[in-house]
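See below for the structure under consideration.
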Amino acid sequence: MPRRGENVYKRKDGRWEGRILKPDGKYQYVYAKTYKEVREKKKNYREHLKVRKAKMPGTIQSAAGLFEFWLKSGVFDRVKPSTYENYYCCMQKYVIPFFKSAGNDCLTELSVARFEKSIKDNHSLSESYKRKILTIFKTALKEILKGSAEYSSVLETVKLPKTKNVAAQVFSIKEQRLVENAALDFGDRRELGILLCFYTGIRLGELCALKWSDIDMEAGTMSIMRTVSRTKNFLQDKNKTALLIGAPKSQKSVRKIPLPDFLLKLSDEWKLSTANENCYLLSDSQTPIDPRTYQKLYKKVLANAGVKDRKFHAIRHTFATRALELGVDIKTLSEILGHSNVSITLNIYAHSLMEQKRIAIDKLNEMHTTFMEFTPFAVAASVVSV
910 MPRRGENVYK
920 RKDGRWEGRI
930 LKPDGKYQYV
940 YAKTYKEVRE
950 KKKNYREHLK
960 VRKAKMPGTI
970 QSAAGLFEFW
980 LKSGVFDRVK
990 PSTYENYYCC
1000 MQKYVIPFFK
1010 SAGNDCLTEL
1020 SVARFEKSIK
1030 DNHSLSESYK
1040 RKILTIFKTA
1050 LKEILKGSAE
1060 YSSVLETVKL
1070 PKTKNVAAQV
1080 FSIKEQRLVE
1090 NAALDFGDRR
1100 ELGILLCFYT
1110 GIRLGELCAL
1120 KWSDIDMEAG
1130 TMSIMRTVSR
1140 TKNFLQDKNK
1150 TALLIGAPKS
1160 QKSVRKIPLP
1170 DFLLKLSDEW
1180 KLSTANENCY
1190 LLSDSQTPID
1200 PRTYQKLYKK
1210 VLANAGVKDR
1220 KFHAIRHTFA
1230 TRALELGVDI
1240 KTLSEILGHS
1250 NVSITLNIYA
1260 HSLMEQKRIA
1270 IDKLNEMHTT
1280 FMEFTPFAVA
1290 ASVVSV
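In the working numbering, each residue carries its 1-based index in the sequence shown increased by 909.
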């Protein structure tokens, strides 16, 4: 229960709200589903303020130096390793080299505008990657310039490019059948994970992180609790990369998915070889399989099936497309996929929804033809005669 003076309250919408008094006398608000989560967020925010106050030096004058400091001390302990790897790659490859160049060594509206233009004019980058770089760049600027007089004017200089909806890669019904048969005939039980993805839409990292304890045979459900990723290892005395087990992509990605009966039967047969509920499903051991290793197995299955090579994520897109074709509503699909909100699902699968729109309009056309269409009736000559 909340205690007096904590500034933690339960809102009317069911969420918990926490207030933190900042040094400037204003409040920072944090929100969560539970009281415990709000307290944790408040604690993390206070720790961030302490680190920022203790570590953010006033002696660094160069723009590149500020970005380097932010990268090393500002975010390393506050984001997921996979997120930090994205930050690191973008900053080291694009942002820091640019601000080390002559004429751009100071953080000004002009230098920021020049950087934005250099990214947008770089034809070797995709539009989505340009947006990613500028989003990370803007995140860094917000923290570096926080509290400064230039905060608003510099940030307003960065305009993110608009994203274009590109049709997701999808296997046709025929291709899906060939891939499923090839997986069943492959002779490696790990390839049954491909079927699991075709009928649940889970991500590769989530598949690799599945344990037998996550599958409830009686309830017929599968719980997604974690994900596995191979990321750059930033500890210099260790290997270049590390296999990490962490929380799924977002809070909504922690979910429970019903399984079709045929998959439950296959899973039950597969499970007979192991008695340990804590074993990972694909590796049958206490260590998860590396997603890169599983991708290689997947590529072999595609080759055996004689199907055009596609990324593993195409299986997830195929699941979503098949679900829409079968009339599954977008809200239900969004929850199964673990998207943070329905708009993400709508944006990705807008092309698939067009077929559903056609079906809906055809039904309206059928209704009009059956019930609304005007049928002229014959009028006897005696009625109209004078």
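Heads up, the beta-carbon is just placed ideally off N, CA and C, and yes, glycines get one too.
- Straight-line spacing of the CA atoms in G1247 and N1031 works out to 33 Å.
- For L1069, the three-state secondary structure derived from DSSP is coil.
- For A1151, the CB contacts under 7 Å within the same chain, skipping 5 residues up- and downstream, are T1140 and N1142 in chain order.
- Within its own chain, the residues whose Cβ lies closer than 8 Å to the Cβ of C1188, once the five positions on either side in sequence are excluded, are K1120, W1121, S1194 and Q1195, listed in chain order.
- Bounds of the alpha helix (DSSP H) holding R1040 are E1036 to I1053.
- Around the Cβ of R1135, a 10 Å sphere holds 16 or more other Cβ atoms; the residue is buried.
- By the Cβ test, the stretch 1038-1048 is not in contact with the stretch 1074-1088, since fewer than three Cβ pairs between them sit closer than 8 Å.
- Proximity to P1167 across A1128, N1185 and K1161 peaks at A1128, based on C-alpha coordinates.
- Rounded to whole angstroms, the separation of the alpha carbons of T1048 and E1100 is 40 Å.
- C-alpha of Y918 to C-alpha of K951: approximately 13 Å in a straight line.
- Membership of Y996 in the alpha helix (DSSP H) is indicated by the continuous run P990 to C999.
- Closest by C-alpha distance to L1050, out of A1269, I1133, T1230 and I1005, is I1005.
- Of all alpha-carbon atoms in V1216, C1106 and T1254, the one lying nearest the alpha-carbon of A1076 is that of T1254.
- Here T1196 carries a coil assignment [DSSP, helix/strand/coil].
- Between S1132 and K1158, the C-beta gap is not smaller than 8 Å, which leaves the two residues out of contact.
- Taken atom to atom, the span from the alpha-carbon of T992 to that of R1225 is near 21 Å.
- By the Cβ neighbour-count rule, Y938 is exposed, with fewer than 16 other Cβ atoms within 10 Å of its own.
- If you check the CB distance, A1214 and A1091 come in under 8 Å.
- L1019 is not a Cβ neighbour of L975, given a cutoff of 8 Å.
- Counting only the Cα atoms, E1275 lies some 47 Å from Q1204.
- Unbroken alpha helix (DSSP H) runs of no fewer than 4 residues, entirely contained in the stretch 1090-1178, are found at 1101-1107 and 1113-1117, following chain order.
- By alpha-carbon distance to K1174, the top candidate from L1054, M1126 and K1272 is M1126.
- Distance from the Cα of T1230 is smallest, within the candidate group D1170, L1172, T1109 and Q1160, for T1109.
- Exposure of Y940 is indicated by the presence of fewer than 16 other C-beta atoms within 10 angstroms of its C-beta.
- Every unbroken stretch of the alpha helix (DSSP H) spanning 4 or more residues and falling wholly within the stretch 1206-1261 is given here in chain order: 1222-1234, 1239-1246 and 1251-1257.
- DSSP places Y1060 inside the alpha helix (DSSP H), whose first and last residues are Y1060 to L1064.
- Around the beta carbon of M1263, a 10 Å sphere encloses fewer than 16 other beta carbons of the protein chains shown; the residue is thus reported as exposed.
- Annotation for F1007: N1013, F1024 and S1027 place their beta carbon closer than 7 Å to its own, counting only its chain and skipping 5 residues before and after.
- For G1012, the three-state secondary structure derived from DSSP is coil.
- For Q1265, same chain residues with a beta-carbon under 7 Å away, outside a window of 5 residues either side, are L1233 in chain order.
- Between E1115 and T1072, the CB-CB gap reaches or exceeds 8 Å.
- Selection A1156, C1106, Y1258 and N1256 evaluated against K1220 yields C1106 as nearest (Cα-Cα).
- Y936 sits exposed, since fewer than 16 C-beta atoms from the chains shown fall within 10 Å of its C-beta.
- Contact check for I1082 against A1118 fails: the beta carbons are separated by 8 Å or more.
- With respect to the 8 Å criterion, I1103 and V1210 are classified as neighbours on the basis of their beta carbons.
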